[in-house]
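Data block below; observations after.
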Amino acid sequence: MTREPHDLDDPGLRDRAVRAAWGLVPFDVLIAGARLVDIATSEIRAADIGLVGPLVASVHAPGSRGDAARVVDAAGRFVAPGLIDTHMHVESSMVTPRRYAEVVVPQGTTTICWDPHEVGNVAGLAGVRWAIEAGQGLPLRILTLAPSCVPSAPGLEVAGAEFGGGEMAEMLRWPEIAGVAEVMNMRGVLDRSEPMQSVVAAGLASGKLVCGHARGLEGAALQGFAAAGIQSDHEVTSGDDLLAKLRAGFTVELRGSHDYVLPGAVQALATLPHLPQSLTICTDDIFPDDLVAVGGMADVLRRLIRYGMAPVDAIRAATLNAAMRLGRRDLGLVAPGRRADLIILDGLETLGVERVFASGREVAAAGRLTGGPPGRPADAFHDTMKLAPLTAGDFVLRLPGDGTTVVNSIFRPRFTEWRDLAVEVRDG
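Position in the sequence shown (from 1) plus 2 gives the number in the numbering used here.
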């Protein structure tokens, strides 16, 4: 469970919200004439929405109130909760969190759950601390996870750090850390070997999230991975795989980066009596050109809808289901007492985002942030590449004289294990 901020607990704020709901004081913002996407009931209903500070104070009959410091005309538009990305890597988009927010907030994403594992892989604990600091003061809510697999491929790469149970326990003591990021070393978990046993144990002891990576696991291996305490997975490979993981109790973070999986996933979900509460949506990895050209979370939802998912179900998976997974009771609904994270859309199939509110403030409109560059630039890392001066000889491959050499080859992609393979050497 992630740490819920206490800004909504202010008695003065709650008192003002109650008084505004009663009509005794005006709203700060009134969104008028909207068609509310009510995630709690799956209804699309006409409503006006009154905001007080970061809170939704009232969702009431359209036209029944007009007293507000600011009125936003949403006639003919849809209002939904802000989108929540439950698993992603900012560094995969090759930008800092500051620039990432500049792109995704106007697209309707108001919360992300970030695993900065490539940052930790290079800069260790200091890199994770940088990730936390770089995500502060932005219009995008960033829940930062503690990378679980540093290095990601032990023995096959030179990393800037090594994280074991001690490092994980230290990061989990930081209040800003929301939990253990995707546990990629599936074999280590199933074999109960170190350091993974200590890493997972630290996560479970913290009471925070313990996120997984269960690509290719099935049968007893999948059951064992869940029994170890891993709670989620985003490595779905087919509709059957999706159902198996839901049935095993995992929260599934259905990712948009593997589009070929989505049609089968939608078909599999259609066989169930209702949309599982444990289905959420994520982007995982997006290159910067794709992020700008086609978008992040809203684009994933558009594709799911195109493949046959009901729009309200797609939005529910990306809002209320995600908030419940993260333990954030303040998020995921446009309802009185909840945090005023909401988006104004031009349609339910197109999901064109016209305005974005985060904690009651309009932070984006017409595809751009409403203010200047978000936050402040975090101090950058320098000299992270440890490389001796290069010479021409460094580019010469010195191979054995018997005409063969040995390379590494993936032979069990399910567990990302390697073996040596002798290959013939030609022309040197």
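Just so it is clear, CB atoms sit at the ideal spot from N, CA and C, and this is done for glycine as well.
Owing to the predicted nature of the structure, the values given are computational and were not obtained by experimental measurement.
Taking all protein chains shown into account, P83 has 16 or more neighbouring C-beta atoms within 10 Å of its C-beta and is therefore buried. Annotated three-state conformation of W116 is strand, per DSSP. The three-state reading of DSSP puts L335 in coil, since its state is none of H, G, I, E or B.
Residue pairing by DSSP places H62 opposite D50 in a beta bridge.
By the Cβ-count criterion, M387 is exposed, with fewer than 16 other Cβ atoms from all chains shown falling within 10 Å of its own Cβ.
Taking a cut-off of 8 Å for Cβ pairs, the segment 126 to 137 and the segment 158 to 174 touch, as three or more such pairs fall below it. When beta bridges are read from the DSSP output, P83 appears opposite L344. C-alpha of V92 to C-alpha of A103: approximately 10 Å in a straight line. Rounded to whole angstroms, the Cβ separation of G205 and G181 is 6 Å, and the two are in contact under 8 Å.
In the pairwise beta carbon analysis, the segment 289 to 296 is classified as not touching the segment 262 to 274: fewer than three pairs are separated by under 8 Å.
With contacts defined by Cβ atoms closer than 8 Å, G373 and V31 do not form a contacting pair. Collapsing the DSSP output to three states places A360 in a strand. The distance from the Cβ of R257 to that of C284 is about 5 Å, consistent with a contact at the 8 Å cut-off. Boundaries of the alpha helix (DSSP H) harbouring I307: M299 to R308, taken from the DSSP string. Restricting attention to E356, L26 and A36, the CA atom closest to the CA of V107 is found in E356.
In this structure, P149 lies near G122, with their beta-carbon atoms less than 8 Å apart. Taking a contact to require three or more Cβ pairs closer than 8 Å, the segment 49 to 69 and the segment 15 to 31 qualify as touching. Runs of beta strand (DSSP E) with 3 or more residues, each lying fully within the segment 167 to 229, are found at 179 to 185 and 211 to 214, listed in chain order. Taking a 10 Å sphere around the C-beta of E255, we find 16 or more other C-beta atoms and assign the residue as buried. Note: C284 is bridge-paired with R257 in the DSSP secondary-structure output.
The beta carbons of V201 and T239 sit no closer together than 8 Å.
By the CB criterion at 8 Å, E184 and T146 fall outside the cutoff. Between the alpha carbons of R79 and V61 lies a distance of about 15 Å. Setting aside the 5 residues that flank it on each side, R16 has no residue in the same chain whose C-beta is closer than 6 Å to its C-beta. When the Cα atoms are used, P278 and L248 turn out to be separated by approximately 8 Å. Nearest neighbour of S94 by Cα position, chosen from I288, S44 and A246, turns out to be I288. When DSSP states are grouped into helix, strand and coil, S44 belongs to the coil group. Membership of D291 in any beta strand (DSSP E) is not indicated; the residue belongs instead to the alpha helix (DSSP H) covering P290 to A295.
Apart from sequence neighbours up to five positions away, the residues of its chain that approach V314 with a beta-carbon distance below 8 Å are V39, I41, S44, I46 and L350, ordered along the chain. Of the residues assessed, D286 falls on the buried side of the cut-off, its CB having 16 or more other CB atoms within 10 angstroms. By the CB criterion at 8 Å, A34 and V58 fall outside the cutoff. By the beta-carbon neighbour count (other beta carbons within 10 angstroms, threshold 16), H215 is buried.
Here V302 has G258 and I283 as same chain residues with Cβ atoms under 6 Å from its own Cβ, once five neighbours each way along the sequence are excluded. Taking C-beta atoms under 8 Å as the contact rule, A324 and G334 qualify, at a distance of about 7 Å.
Per the coordinates, the alpha-carbon of P197 lies some 15 Å from the alpha-carbon of G231.
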